[in-house]
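Scroll down for the structure; my scribbles are underneath it.
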Amino acid sequence: MGRGLPVFRGAAMQRGHGLGSLVKGLFRAATPLLKKGAFALGKEAMSTGVNIMQDTLSGQSLKSAAKRNVKRAGKRLAGKAMGGVRKKMKAKAKQRGGARFLLVRDVKKQSREYHPVSNITDTGPIEFNVAGTAEEYVDLSQTMLQVSVRVLKADNTPITADDPVAPVNLFLPSLFSQVDVMLNEKLVSQPSNTYPYRALMETLLHYNKETKDSQLTQQLYYKDEAGKMEVVNPLLQGEHGNQGLAKRHGFIAESKLLSMLGPIYADVFFQERLLLPGVDLKLKLNRSKDAFCLLSSKANAAYKVKIESAALFVRRVKTSPSIMITHAKALEKTTAKYPLNKVDVRSFSIPTGNMSINRDNLFLGQLPNRIIIGLTDNDAYNGSYAKNPYNFKHLNINYISVTIDGETVPMRPLRPCFEEGAGQHYIHAYNSLFMGTNRLFADKGLDINREEYPKGFTLFAFDLTPDVSDGCHLNLIKSGNLRLELQFDRPLPNTVNCLVFSESQGLIQIDRSRNLIYDYQG
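Numbering (the UniProt record's numbering) for the sequence shown: 1 to 522.
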């Protein structure tokens, strides 16, 4: 999601005229080349014959004269052929624009460390300003955020080993409710407080177990045990405890300093094109509630997260003057284009006692390529020490329908049964995670198995592309009205929030004056 393109495996049935059409096309393309080659070969043969005759008349043997002159002719023909190829390649490069043929030796990369523009407080945002320079590009995909924190009591005293408090999973992005990204004062990120859910959903459905057990531990990702999402006492051991919660507790026990490092979960940081010189980058990280990013079983819990330090690591790229001149010339005629996988996470509440919800106009206008749906308790969503905000419950849902302009997509509605017993079945709902994330029949798994799925990892994924092949290629942007309908077996015991994670195609354009053209809403 957002990174890597799978290989297209081909159609099951032949379309077109088969191999004959290919050979016919090759012959048609090769005919002019054969004509030119035959003409050059004829001239060289005539010249070689004359040279052999002259050498023979001068007293050399026919065999040695022929051997020497034929060898020379072969070298001359090969030289002419290579010269023609180089000439055509140069012409093609000039036609396409030399910036596409970037040589590695022309590039110098260096990461630089930036600190917040103001002092860090308990509740205030953290801001970074990265000024653009005249000669350096910025590789946004390599941007990293480092944060060092301590967990304290509300009165700023250290916690003890017996304090039952621990961070939520994926602690680093959970510290911030919203991250605003601006390029030359233009907002290019989602203006919503669902940043932690974007980070967690991307992590759950993008990375495999090996990555989560290694690289993602830098962000304090230690998976909660399925079925134990509501265990918020990290001191419990054995079958009553939550191992993931206990591991995270070990990093902050007795107010130890915890350092974390990870990416910024915003669209521009998940594309690989270099940002042009002269573009300023600004980040504003708004803090989450302490009750959202900490879990505790203590009654009337009052703990806080104190951020001791923060730093942003940005990779600068310096290239040769010739490439910069080529880019400047290209910008006189067109804009620099940055295709994005535009991610949006929106939320709406479903009141207590409801057995169904119809959400018309969930998306009106540009339609997403993919949506992922999850349900969590409203009080956990708003922040509660006693509830895990990342506990995605099934709530005995028995009907999920996604329609676009009245047509059900991409298949008939899902009708799972999560009620434990002989009639339990949710295989199609579980399979939607693989169909909706372009993993079906591919050697790419998810770190959510069949038994874990109904126990805190209940998500529903839908691929909405016309050919149901999101990720293989770009699709035409489609507009319409997307409607979501959910039904439950029994009335909801409390208010819940429905989270809808969506992906669609976006584009940022930058002109020669470094003006940005971008509309987040598409």
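Where is the CB? At the ideal position from N, CA and C, for every residue including glycine.
Euclidean distance between Cα positions of residue i and residue j
{"i": "L281", "j": "K212", "result": "29 Å"}
{"i": "T121", "j": "S141", "result": "28 Å"}
{"i": "Y114", "j": "H327", "result": "27 Å"}
{"i": "G132", "j": "Q243", "result": "45 Å"}
{"i": "L295", "j": "M229", "result": "11 Å"}
{"i": "N396", "j": "S356", "result": "11 Å"}
{"i": "N398", "j": "V343", "result": "27 Å"}
{"i": "E308", "j": "N358", "result": "45 Å"}
{"i": "K444", "j": "S432", "result": "14 Å"}
{"i": "S47", "j": "A73", "result": "9 Å"}
{"i": "A93", "j": "A330", "result": "Since pLDDT at A93 reaches only 47, below the 50 mark, its modelled position is unreliable, and no value is offered."}
{"i": "P416", "j": "S384", "result": "30 Å"}
{"i": "L172", "j": "L276", "result": "29 Å"}
{"i": "Y197", "j": "R346", "result": "10 Å"}
{"i": "K108", "j": "V130", "result": "19 Å"}
{"i": "A386", "j": "Q271", "result": "38 Å"}
{"i": "L367", "j": "V179", "result": "24 Å"}
{"i": "N354", "j": "L187", "result": "37 Å"}
{"i": "L492", "j": "V232", "result": "23 Å"}
{"i": "K298", "j": "A199", "result": "28 Å"}
{"i": "L484", "j": "P321", "result": "53 Å"}
{"i": "G262", "j": "T217", "result": "10 Å"}
{"i": "residue 529", "j": "T465", "result": "Outside the displayed range of the chain (1 to 522) lies residue 529, so it cannot be described from this structure."}
{"i": "E127", "j": "A311", "result": "10 Å"}
Local Cβ density within 10 Å of residue i, reported as buried at 16 or more and exposed below that
{"i": "I517", "result": "exposed"}
{"i": "E202", "result": "buried"}
{"i": "Q190", "result": "buried"}
{"i": "P158", "result": "exposed"}
{"i": "P351", "result": "exposed"}
{"i": "M411", "result": "exposed"}
{"i": "P234", "result": "buried"}
{"i": "E451", "result": "exposed"}
{"i": "R155", "result": "According to the sequence provided, residue 155 is Asp. The question's Arg does not apply to it. Answer is exposed; the Cβ neighbour count stays below 16."}
{"i": "N388", "result": "buried"}
{"i": "F251", "result": "buried"}
{"i": "H240", "result": "exposed"}
{"i": "I448", "result": "buried"}
{"i": "T143", "result": "buried"}
{"i": "K223", "result": "buried"}
{"i": "V117", "result": "exposed"}
{"i": "N119", "result": "exposed"}
{"i": "E503", "result": "buried"}
{"i": "K253", "result": "Looking at the sequence provided, one finds Ala at residue 253 rather than Lys. A253 is buried by the Cβ-count criterion."}
{"i": "L26", "result": "Note that L26 has pLDDT 38, beneath the 50 cutoff, so the model's placement of it is unreliable and no number is given."}
{"i": "G436", "result": "buried"}
{"i": "T123", "result": "exposed"}
{"i": "L257", "result": "exposed"}
{"i": "S64", "result": "exposed"}
{"i": "N369", "result": "buried"}
{"i": "I264", "result": "buried"}
{"i": "D377", "result": "buried"}
Beta carbon of residue i nearer than 8 Å to that of residue j
{"i": "L170", "j": "Q110", "result": "no"}
{"i": "F418", "j": "H394", "result": "yes"}
{"i": "F313", "j": "Q146", "result": "yes"}
{"i": "residue 534", "j": "V181", "result": "What the structure shows of the chain is the stretch from 1 to 522, and residue 534 is not part of that stretch, so it cannot be assessed."}
{"i": "N286", "j": "F176", "result": "yes"}
{"i": "G374", "j": "T458", "result": "yes"}
{"i": "V138", "j": "L274", "result": "yes"}
{"i": "F462", "j": "I371", "result": "yes"}
{"i": "L486", "j": "I400", "result": "yes"}
{"i": "R490", "j": "R316", "result": "no"}
{"i": "G456", "j": "A226", "result": "yes"}
{"i": "A266", "j": "Q509", "result": "no"}
{"i": "L414", "j": "F460", "result": "yes"}
{"i": "E332", "j": "R512", "result": "yes"}
{"i": "S174", "j": "S259", "result": "no"}
Distance cut-off 7 Å: residue i Cβ against heavy atoms of the ligand ZN
{"i": "L331", "result": "Although the ligand ZN was asked about, the structure shown includes no ligands whatsoever."}
Mind the definition here: the region 313 to 328 touches the region 153 to 167 only if three or more C-beta pairs lie below 8 Å; say whether that holds.
no
Runs of alpha helix (DSSP H) wholly within the region 172 to 208 (minimum 4 residues, chain order)
195 to 206
Which complete beta strand (DSSP E) runs does the region 233 to 297 hold, if anything under 3 residues is left out?
258 to 262, 281 to 287, 294 to 296
Minimum length 3: unbroken beta strand (DSSP E) runs contained in the region 435 to 471
459 to 463
Every unbroken alpha helix (DSSP H) inside the region 126 to 173 [4 residues or more]
none
Ranges of the alpha helix (DSSP H) found wholly within the region 348 to 399, counting only runs of at least 4
378 to 382
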